Amino acid sequence: MDSTSVNKAIPAREDLQASGSETAQQSSEEQSTSLEKPKQKKNRCFMCRKKVGLTGFECRCGNVYCGVHRYSDVHNCSYNYKADAAEKIRKENPVVVGEKMQKI
Numbered sequence: 001m002d003s004t005s006v007n008k009a010i011p012a013r014e015d016l017q018a019s020g021s022e023t024a025q026q027s028s029e030e031q032s033t034s035l036e037k038p039k040q041k042k043n044r045c046f047m048c049r050k051k052v053g054l055t056g057f058e059c060r061c062g063n064v065y066c067g068v069h070r071y072s073d074v075h076n077c078s079y080n081y082k083a084d085a086a087e088k089i090r091k092e093n094p095v096v097v098g099e100k101m102q103k104i
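The sequence shown begins at 1 in UniProt numbering and counts up by one.
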């Protein structure tokens, strides 16, 4: 009985050591990815791929556009401006309910 209890304890230690080496490998992978260059900011128009430089217009849909494609109707924007405006109005103007008047 003692030999089986000892055998059960040994694999548990080996599993702990194996999992410890796995976490060490994962942390080294995370460090290598953090050392890579951060992504550059998009500097091309999403429609015509023209370089926009400092004059790029960032739309609410998340893309950058040149001066020609900056308007939402020109680049077929997927952002729902109408729903956003309705939500903004709903937040800024809460419903006011007056008190009921008592009848005499």
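C-beta atoms are modelled at their ideal positions from N, C-alpha and C, and glycine is treated no differently. All values reported here derive from a predicted model rather than from experimental measurement.
Note on geometry: alpha-carbon atoms of residue 57 and residue 100 lie some 51 Å from one another.
Closest option to residue 81, judged by alpha-carbon separation, among 103, 91 and 61: 61. Taking all protein chains in view, the Cβ of residue 65 is crowded by 16 or more other Cβ atoms within 10 Å, so the residue is classified as buried. Contact between residue 51 and residue 43 holds, since their C-beta atoms are separated by about 6 Å, short of 8 Å. Going by DSSP, residue 90 is part of the alpha helix (DSSP H) stretching over 81-92.
Note on geometry: alpha-carbon atoms of residue 67 and residue 55 lie some 8 Å from one another.
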